[in-house]
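Everything on this sheet refers to the single structure shown next.
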Amino acid sequence: MEIRTRFAPSPTGYMHIGNLRTALYEYLIAKSQGGKFILRIEDTDQERLVEGAIDMIYNTLSLTGLHYDEGPDIGGEYGPYIQSQRMGMYMDYAKELVEKGKAYYCFCSKERLEALKNSNKEGDAFSKYDRHCLTLSPEEIQKNLDSGMPFVIRQKMPTEGTTTFHDVVYGDITVENAELDDQILMKADGFPTYNFANVVDDHLMKITHVVRGSEYLSSTPKYNLLYEAFGWEAPVYVHLPAVMRDAHNKLSKRHGDKSFEDLVKEGFLVEAIVNYIALLGWSPSDNKELFTLKELEQAFDIQGLSKSPSIFDIKKLTWMNGEYIKAMDADRFYEAVESRLKEAVKNRTLDLKKIAALLQKRLETLNDIPRLVDFFDTLPEYSTELYIHKKMKTTEEIALSSLKAALPVLDALSDWNETAIHDTLMALVQSLGIKNGQLLWPVRTALSGEPTSPGGAMELADILGKQESIARIKIGIEKLEKAVSSL
RNA sequence: GGCCCGUUGGUCAAGCGGUCAAGACGCGGCCCUCUCACGGCUGAAACAAGGGUUCGAUUCCCUUACGGGUCACCA
68 MEIRTRFAPS PTGYMHIGNL RTALYEYLIA KSQGGKFILR IEDTDQERLV
118 EGAIDMIYNT LSLTGLHYDE GPDIGGEYGP YIQSQRMGMY MDYAKELVEK
168 GKAYYCFCSK ERLEALKNSN KEGDAFSKYD RHCLTLSPEE IQKNLDSGMP
218 FVIRQKMPTE GTTTFHDVVY GDITVENAEL DDQILMKADG FPTYNFANVV
268 DDHLMKITHV VRGSEYLSST PKYNLLYEAF GWEAPVYVHL PAVMRDAHNK
318 LSKRHGDKSF EDLVKEGFLV EAIVNYIALL GWSPSDNKEL FTLKELEQAF
368 DIQGLSKSPS IFDIKKLTWM NGEYIKAMDA DRFYEAVESR LKEAVKNRTL
418 DLKKIAALLQ KRLETLNDIP RLVDFFDTLP EYSTELYIHK KMKTTEEIAL
468 SSLKAALPVL DALSDWNETA IHDTLMALVQ SLGIKNGQLL WPVRTALSGE
518 PTSPGGAMEL ADILGKQESI ARIKIGIEKL EKAVSSL
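By the count of the working numbering, the first sequence reaches residue 554 at its end, each step adding exactly one.
Spelled out as structure tokens, the structure:
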């Protein structure tokens, strides 16, 4: 049997990390078995509709490579794939259940229901519908219907026995039927509730594996009873533990947690995000951590799903993002970084590709770029303390004499390239009889004006060019002369 | 509160009756090195508690604690 899974988001305006992970797992469960992945938009709550939200869903799935086989924009055999376009059919299914004695009309007012709830004993939040309308005679029902009285249709739960269902990650779960409320299937406005539409649609779309968050675990017995009432085969259930912000709270946009779009904006690579969230709640049989989507499709196994919630760790994502950056080939990296680099470095005489090359091993997110390359455009104001480095065995005096020695030999260099600079400076070290660092550290410092820089003296000199390098070394000498003489 | 679920280092996690309880991130140290980074090596760090079952429990069962979920004419 072909596996069919579906991603059924409500269009709320952005992609939660948790939702994206659910979509990923749904995709992987299907694709790892050669099955189909379907997109269905659940927009029955008209009040919560957000402009452009559906496009955001398409966009995210396309960006992440989670290509669906059927969906609103590409069609398919079991459409329509937007729930609001399927509204006609649910009432008929609900009536079928009424005829089978598995559901019944209810004319209770919201006020009565409210009163019912409030009549509960102190501290007992649980209230079941009291089945006031279950005993209505067919004549009464017809009379109410004819008079246009608003009604809902409720599922009739068994009062005895238990219901057991199997979940792939949580195992067998059994509940007392007496615990189950006669939930509403059709609302007074004629729309189905989510619970009902979901079951009907999943069946009609031949979904074999229902994959969703563990918050649905407690309503699953009701779903199962619905399938039974219709005489339909229940799907395989796969409930997923939540993705948390900390030990107590789920990840939520409301609390400032980042959505998928936010992470991309902050310089995280789409591939890295997908890779990271795949590992939040799932682990492969070996120790592998770095996976392309294609590799995940190969490696994914439902057995690796975990039961307990996982906390989203931006530090590990950051590390993984760095791994992806380092693994890119130079051209692709430059492409990915070019626009940000041009924004950060305005001086067009500088070779951005060389700067990019220095950056690639040092970046964790693309947003680190400006901070790392600022000094190329303008030498920052800096203190001569920077020249003092214990491990390099430099003091301000040594730095001064090194810079003074370096100035004429560099100035005499006609062919300005990294190799030439390297050979010249190393020859100078030799003739001076000092340590490498005693010359190179001061030069690097003078060129960057920063305590750290991507690349060392030779690389920076090469990129900055002769004129600018010489100028910066002169500034260094001036600063140091002032500092040394005031000692 | 009822019901359901969960609990291995700070975090992600392997483990599925016998292990010195993996690995990764992060953190510390060392090496490499003209800084930083990369890379390499290395260290600290965990089975929530108590009862059973068993020759033997992280692993199976029960209880407790702590967390989470759910109890809508929302999804």
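Using N, Cα and C, we set each Cβ at its ideal position, and we do this for glycine too.
Check, Outcome
"Taking the Cβ atom as the reference point for each residue, do residue 171 and residue 254 lie within a distance shorter than 7 angstroms?", "no"
"If you run the structure through DSSP and keep just helix, strand and coil, what is residue 275?", "coil"
"DSSP three-state label for residue 14, please.", "There is no way to answer for residue 14, as the model of the chain reaches only from 68 to 554."
"Which residues mark the beginning and the end of the alpha helix (DSSP H) in which residue 127 is found?", "120-131"
"In the DSSP assignment, find the unbroken alpha helix (DSSP H) run with residue 236 in it and report its ends.", "Unbroken run through residue 236: none, as it is neither H nor E."
"Determine contact between the segment 72-83 and the segment 321-329, defined as no fewer than three beta-carbon pairs at a distance below 8 angstroms.", "yes"
"Can the beta-carbon of residue 434 be found closer than 7 angstroms to that of residue 334?", "yes"
"Return the residue from the list 524, 454 and 313 that minimises the CA-CA distance to residue 487.", "524"
"May I have the straight-line CA-CA distance separating residue 268 from residue 424, to the nearest angstrom?", "52 angstroms"
"How about residue 311 and residue 351: do their beta carbons lie closer than 7 angstroms?", "no"
"Measure the alpha-carbon distance for residue 403 versus residue 339 and round it to whole angstroms.", "14 angstroms"
"Excluding sequence positions up to five away, which residues of its chain have a Cβ less than 6 angstroms from the Cβ of residue 73?", "105, 107 and 274"
"Return the first residue and the last residue of the beta strand (DSSP E) that residue 74 is part of.", "71-74"
"Can the beta-carbon of residue 150 be found less than 7 angstroms from the beta-carbon of residue 264?", "yes"
"With a threshold of 16 other CB atoms inside 10 Å of the CB of residue 110, please say whether the residue is buried or exposed.", "buried"
"When we look at the beta-carbon of residue 137 and count the other beta-carbons within 10 Å, is it buried (16 or more) or exposed?", "buried"
"Just mark residue 257 as buried or exposed, buried being the case when its beta carbon has 16 or more other beta carbons within 10 Å.", "exposed"
"If contact is defined by three or more beta carbon pairs under 8 angstroms, each pair taking one atom from either stretch, is the segment 358-377 in contact with the segment 388-404?", "no"
"Nearest to residue 252 by CA position, among 244, 245, 262 and 440, is which residue?", "262"
"Over the uninterrupted beta strand (DSSP E) stretch that includes residue 218, give me the two end residues.", "Neither: residue 218 is in no beta strand (DSSP E) and is coded neither H nor E."
"For residue 413 versus residue 444, is the C-beta distance shorter than 7 angstroms?", "yes"
"I need the DSSP call for residue 546, collapsed to helix, strand or coil.", "helix"
"Can you name the residues that DSSP bridges to residue 230?", "242"
"Just to check my reading of the structure: residue 87 and residue 127 have Cβ atoms closer than 8 angstroms, yes? What is that Cβ distance to the nearest angstrom?", "7 angstroms"
"Out of 359, 298 and 234, which has the shortest C-alpha to C-alpha gap to residue 280?", "234"
"Taking only the alpha-carbon atoms, compute the straight-line gap between residue 225 and residue 243 and give it to the nearest angstrom.", "9 angstroms"
"Measuring alpha carbon to alpha carbon, tell me which residue in 459, 544, 478 and 516 is nearest residue 507.", "459"
"For residue 223, name the three-state secondary structure that DSSP assigns.", "coil"
"Quick one: residues in its chain with C-beta nearer than 6 angstroms to the C-beta of residue 295, no 5 flanking neighbours on either side, listed in chain order?", "none"
"So residue 220 packs on residue 161, CB below 8 angstroms; how close in whole Å?", "5 angstroms"
"Is the Cβ-Cβ distance between residue 385 and residue 431 less than 7 angstroms?", "yes"
"Hey, could you find the ends of the beta strand (DSSP E) residue 283 is sitting in?", "Taken as a continuous stretch (DSSP letters only), residue 283 belongs to no beta strand (DSSP E), as it is neither H nor E."
"Classify residue 534 as buried or exposed, calling it buried when 16 or more other Cβ atoms lie within 10 Å of its own Cβ.", "exposed"
"Go ahead and pull the three-state DSSP assignment for residue 105.", "strand"
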